[in-house]
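Working notes, structure below.
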Amino acid sequence: MNFDINKQRKNLCYSYLEQSLNYKEKSELDRGKYSILDNLLNKYNILDLIKKEIYCIELDIQNNLNILGETMNVQRLSFFIDYAINLAKTRASIK
1 MNFDINKQRK NLCYSYLEQS LNYKEKSELD RGKYSILDNL LNKYNILDLI KKEIYCIELD
61 IQNNLNILGE TMNVQRLSFF IDYAINLAKT RASIK
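Below is the structure:
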């Protein structure tokens, strides 16, 4: 199990962005023209897409915790999950 959730990771925005890029945009990035990244992230609303996905994941986790909480005490697990989600949001500048 991996507990290094506080370590820096590469930005996942590119994984989302890459799905939306056209051939020209992808070629420019492959050639190292990183100055267009901010424009592309805005053009394809990548941050909004990530925010929506995080929200859906949070709901799924909360629903599963509620179900699990019917048969056992999940308070410590719930605190840990809240911590991990808040850390991820802070790193992504999402609140």
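Numbering follows full-length UniProt numbering, in which position 25 of the sequence shown is assigned residue number 25; successive positions increment by one, without gaps. Quick reminder that beta carbons are idealized off the backbone N, C-alpha and C, glycines included.
Subject >> Where Glu25 falls, given that 16 or more other Cβ within 10 Å makes a residue buried >> reply: buried
**OP:** With a threshold of 16 other CB atoms inside 10 Å of the CB of Ile46, please say whether the residue is buried or exposed.
**Re:** buried
**OP:** Less than 8 Å between the CB atoms is what I'm expecting for Leu17 and Tyr44, so what's the real figure, rounded?
**Re:** 6 Å
**OP:** Specify the secondary structure class of Gly32 as computed by DSSP and reduced to three states.
**Re:** coil
Original post:
Grouping DSSP H, G and I as helix and E and B as strand, with all else coil, what is Gln62?
Top reply: helix
Original post:
Among Ala88, Ser78, Ala92, Lys51, which residue has its Cα nearest to the Cα of Asn64?
Top reply: Ser78
Original post:
DSSP on Ile50, reduced to helix/strand/coil?
Top reply: helix
Original post:
Is Leu41 buried or exposed, if buried means 16 or more other CB atoms sit within 10 Å of its CB?
Top reply: buried
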